[in-house]
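Residue numbers (our numbering): -13 to 781.
Here a beta-carbon is modelled for each residue, glycine too, at the ideal position from N, C-alpha and C.
First up is the structure itself, then whatever we jot down about it.
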């Protein structure tokens, strides 16, 4: 193990830099470095700690990523009990609280530290010599659960405190919350990726801290707000007494040590001061960045707190003044579905109007179909609706006694309500999506953006703003309409956009000799870029269509194996599985996409507008080995029909129609077990399954008839894996990759024993070193260019 002193100094410097950046960002709200510089520093520290493991400390910023699965939570006895707060719901109860303190202490209009009551998860943190050592939940107030590993992943929770005046042992109390904006962004991301959204910010915060795997917690947008400080009884010497006299001073000291303190904390005097603060926070509640359910009043004098003491499980010197409940009962009148920009389907409840938290609510999110099933929601039910600030209202439960006799179960509709395309369920069984990507108006802007992107059709100049205006003003309803745009269309679109925005028209020159002349160069350039994209490579066009699960490499594989858009767009989905690395999920996604009439109409529109495939070719002869009937049967995912049983059926019946028409006893006679025969008959009784098998068999036979004989000379690198590293001068890496793939090679991103050869350009790094270590052929750029001029087998 290396103990380089320079490495230790650099690790210390980087940790201080990152800690200071965290403090300025989370506590002072005054970022000192850019996000890019922060990421560079963090990566540099990670690299140092990997190369020198002894430098990795428990309080290092690199330990926030979640590094272990805990399996369970150990009990933790709080050194200072985590007391609950008494609640007040009326002005009179607040006045009584103040009056009791005045009478007991013989004080007039005492001062209070006041702050919002966070709606999150209460946490106690223990620091020894300024280093975070343990964190626990409230539990029953005396014993909580050790969630230290999860707390280390919370970005604004300091792992080492700042300053030289930190007592050797302290406990800090506060709340783990999930900010509203981060909660909404996280849920959008989950819905778009087919993941499971969180129910609400509070449940999201609490559930995140109780994940058994800290790596999951690390992905959640959590924040810690400190609101209390204790010195446990085992603290000794001068540190046994707090170094300040007021709670508000303790909060300021916590901020200096590195904790985030709410900017809404104030000092209020007497009951009228408390009620004024309560009303002010209530008015601001919906605009706050986090959920709150009231405000907290704490006697500011620490000596006064000690004299007041506590009763049972609550202090006499503090009070939680709760806001009116933001939950109300109403009738669920209907459930509709909304389609997101990427096709994600979100069920939305239509409610009888009800006032929740001062706002009339008529709609509420139901997240996904699984959430509806978990809640047991039926149309006509009486449901409880919750609203938390700016968060979209949601249904939290069904009122058990409120179910009407005419309530109806709900099922996901079969078609998209916007474009009528089929709604399909993701393989994970949670998310649903509209399969009408090209033709669905709800997905139009996203499909246009993707279609025009650099790695797709590469239409330079067609940015987000123009896409929004072209679609918004009705000039473009699908990607095919891009190829019908005229100069007049673009200039009129720009004029209308300028009028809408109240801006000076950018397309009219305002000064100089040519004042008043229409500036149309931008439009001419955009039309030229659109026109240039008409002559398209098949792989680029397939990628540009935005088919779910079809990335660049899958699009290239489809182009290489099937060769032509007309072949691909009419293939039944099981035949896509004949392409290496395409499994059932991708194949079904392709099938769903091309089965939608709207998508086919858009492709027709592209071809009619002059888009042509520049590199079309006949299907690869390599398909021949995988196009027998037995393979097709196995590819159709027929229940209980294994590869061996599929071969038996293929020999006995020969084609799909004969198999569909045969009786069940004939299947048994042909050698199938009765259970397998019965499962097949049940499968084929679904008309769409029978039609799929017949259609796929016909497509299989047509492909076989049109396949050329294998020509090894045209693909001399078939089965060879190549790796590119370093910088090439005559070709870009993408160009070199395309040329090698055209010759049959698979271009991989890493070197292994299976690599055939490595092309090394200038400044080649670790891949070149590994190739030499493994004894793999290494080509320089000159050899690559020579080979591309006269390709031959590597054998």
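Start-to-end residues for the alpha helix (DSSP H) that takes in residue 155: Your numbering for residue 155 matches position 169 in the chain shown. Per DSSP, residue 155 belongs to no alpha helix (DSSP H); it is in the beta strand (DSSP E), 155 to 163.
Proximity to residue 146 [Cα-Cα], best of 529, 402 and 117: Start at 1 with the first residue of the chain shown, and residue 146 comes out as number 160. Of 529, 402 and 117, the residue nearest in Cα terms is 117.
Given this structure, state the Cα-to-Cα distance separating residue 566 from residue 557, to the nearest angstrom. Position 580 of the chain shown holds residue 566. Position 571 of the chain shown holds residue 557. Each residue's Cα considered, the two are about 16 Å apart.
How close, in whole Å, do the beta carbons of residue 383 and residue 370 come, if the pair is a contact with beta carbons under 8 Å? Numbered from 1 along the chain shown, position 397 holds the residue referred to as residue 383. Numbered from 1 along the chain shown, position 384 holds the residue referred to as residue 370. That belief holds up - the Cβ atoms of residue 383 and residue 370 are roughly 5 Å apart, short of 8 Å.
Give, in chain order, every unbroken run of the beta strand (DSSP E) that is at least 3 residues long and sits entirely within the segment 389 to 454. 409 to 411 and 418 to 420
Report the rounded CA-to-CA distance for residue 679 versus residue 450, giving the unit in angstroms. By one-based count along the chain shown, residue 679 stands at place 693. By one-based count along the chain shown, residue 450 stands at place 464. Using only the alpha carbons, I get a separation of about 43 Å.
For residue 673, the first and last residue of its enclosing beta strand (DSSP E): Locating residue 673 in the chain shown gives position 687, where the first residue counts as 1. Element bounds for residue 673: not the beta strand (DSSP E) but the alpha helix (DSSP H), 673 to 692.
Per DSSP, what are the beta-bridge partners of residue 575 in this structure? What you label residue 575 is simply residue 589 of the chain shown in a count that begins at 1. Per DSSP, none; premise fails for residue 575.
Closest by C-alpha distance to residue 354, when choosing among 210, 92, 241 and 381: Numbered from its first residue, the chain shown carries residue 354 at position 368. Measuring from the Cα of residue 354, the nearest candidate turns out to be 381.
Note down the Cα distance separating residue 399 from residue 568, rounded to an integer number of angstroms. Counting from one through the chain shown, the residue named residue 399 turns up at place 413. Counting from one through the chain shown, the residue named residue 568 turns up at place 582. Near 29 Å, if we compare the C-alpha coordinates of residue 568 and residue 399.
The beta strand (DSSP E) with residue 321 in it runs from where to where? Along the chain shown, one-based indexing puts residue 321 at 335. Note, residue 321: beta strand (DSSP E), 313 to 325.
Nearest-angstrom Cβ-Cβ length linking residue 100 and residue 260, presumed shorter than 8 Å: Counted from its first residue, the chain shown places residue 100 at position 114. Counted from its first residue, the chain shown places residue 260 at position 274. Their Cβ separation, rounded to whole angstroms, is 6 Å, which keeps residue 100 and residue 260 in contact under 8 Å.
With which residues is residue 763 paired in a DSSP beta bridge? Here residue 763 refers to the residue found at position 777 when the chain shown is read from its first residue. DSSP lists 743 as partners of residue 763.
CB contact flag (residue 304, residue 283, <8 Å): Against the chain shown, residue 304 aligns to sequence position 318. Against the chain shown, residue 283 aligns to sequence position 297. Yes, the Cβ-Cβ distance between residue 304 and residue 283 is below 8 Å.
Option in 506, 605 and 719 with minimal Cα separation from residue 688: Position 702 of the chain shown, counting from 1, holds the residue named residue 688. When only C-alpha atoms are compared, the closest one is 605.
For the beta strand (DSSP E) holding residue 568, just list the boundary residues, first then last. As a working note, residue 568 is residue 582 in the chain shown. From DSSP, residue 568 is part of no beta strand (DSSP E); its letter is neither H nor E.
So the alpha helix (DSSP H) residue 103 belongs to, where does it begin and stop? Taking the first residue of the chain shown as 1, we reach residue 103 at position 117. Unbroken run through residue 103 is the beta strand (DSSP E), 97 to 104; no alpha helix (DSSP H).
Three-state secondary structure (DSSP) of residue 516: Mapped onto the chain shown, residue 516 falls at position 530. Three-state result, residue 516: helix.
Could you check what DSSP says for residue 138 in three-state terms: helix, strand or coil? The residue you call residue 138 lines up with position 152 of the chain shown. DSSP places residue 138 in coil when its eight states are reduced to three.
Quick one: residues in its chain with C-beta nearer than 8 Å to the C-beta of residue 80, no 5 flanking neighbours on either side, listed in chain order? Looking up residue 80 in the chain shown gives position 94. Same-chain partners within the cutoff: 74, 257, 260, 261, 264, 283, 305 and 307.
Between the C-alpha atoms of residue 376 and residue 345, what's the straight-line distance to the nearest angstrom? To locate residue 376, count along the chain shown from 1; it is residue 390. To locate residue 345, count along the chain shown from 1; it is residue 359. Residue confidence is low: residue 376 scores 48 on pLDDT, short of 50, so the model does not pin down where it sits. No coordinate-derived value is stated.
On the DSSP bridge assignment, give the partners of residue 210 in chain order. Your numbering for residue 210 matches position 224 in the chain shown. Answer is 162, bridged to residue 210.
Report the three-state DSSP secondary structure of residue 521 (helix, strand or coil). For the purposes of this step, residue 521 is taken as the residue at position 535 of the chain shown. If DSSP states are grouped into helix, strand and coil, residue 521 belongs with the strands.
Residue 691 versus residue 641: straight-line alpha-carbon distance, rounded: Mapped onto the chain shown, residue 691 falls at position 705. Mapped onto the chain shown, residue 641 falls at position 655. One C-alpha to the other measures close to 15 Å.
State buried or exposed for residue 153, treating a residue as buried only when at least 16 other CB atoms are found within 10 Å of its CB. Mapped onto the chain shown, residue 153 falls at position 167. Residue 153 should be labelled buried.
Assign residue 175 to buried or exposed, taking buried as 16 or more other Cβ atoms, counted over all protein chains shown, within 10 Å of its Cβ. Residue 175 sits at position 189 when you count from the first residue of the chain shown. Exposed.
Using a C-beta cutoff of 8 Å, does residue 331 count as contacting chain D? The structure shown contains no chain D, having only a single protein chain.
Assuming residue 276 contacts residue 165 under a Cβ cut-off of 8 Å, what Cβ separation, rounded to an integer in Å, is found between them? Sequence index remark: in the chain shown, residue 276 carries index 290 (1-based). Sequence index remark: in the chain shown, residue 165 carries index 179 (1-based). That belief holds up - the Cβ atoms of residue 276 and residue 165 are roughly 5 Å apart, short of 8 Å.
Nearest by alpha-carbon distance to residue 470: which of 97, 519 and 37 is it? Stepping through the chain shown from its first residue, residue 470 is reached at position 484. If we check each option's Cα against that of residue 470, 519 comes out closest.
State the start and end residues of the unbroken alpha helix (DSSP H) segment that holds residue -2. As a first step, residue -2 must be located in the chain shown, where it is residue number 12. Taken as a continuous stretch (DSSP letters only), the alpha helix (DSSP H) holding residue -2 covers -9 to 8.
Would you give the residue range spanned by the beta strand (DSSP E) that residue 122 belongs to? Stepping through the chain shown from its first residue, residue 122 is reached at position 136. Its beta strand (DSSP E) spans residues 117 to 123.
Cβ-Cβ separation, residue 536 to residue 572 (assumed contact under 8 Å), whole Å: Position 586 of the chain shown, counting from 1, holds the residue named residue 572. Position 550 of the chain shown, counting from 1, holds the residue named residue 536. Yes, residue 572 and residue 536 are in contact; Cβ-Cβ is about 7 Å, under 8 Å.
Let me know the alpha helix (DSSP H) ranges lying completely inside the segment 630 to 655, each 4 residues or longer, listed in chain order. 642 to 647 and 650 to 655
Excluding the 5 residues flanking residue 244 on each side, which residues of the same chain have their C-beta closer than 7 Å to its C-beta? The residue given as residue 244 occupies position 258 in the chain shown. So the list reads 9, 13, 144, 147 and 148, once near-sequence residues are dropped.
Taking the beta carbon of residue 40 as the centre, do at least 16 other beta carbons fall within 10 Å, making it buried, or is it exposed? Here residue 40 refers to the residue found at position 54 when the chain shown is read from its first residue. With fewer than 16 other Cβ atoms within 10 Å, it is exposed.
Please classify residue 493: is it buried, with 16 or more other beta-carbons within 10 angstroms of its beta-carbon, or exposed? By one-based count along the chain shown, residue 493 stands at place 507. Residue placement at residue 493 is poorly supported in this model, since its pLDDT is 49, which falls under 50; the coordinates still yield a value, given next. Residue 493 comes out buried.
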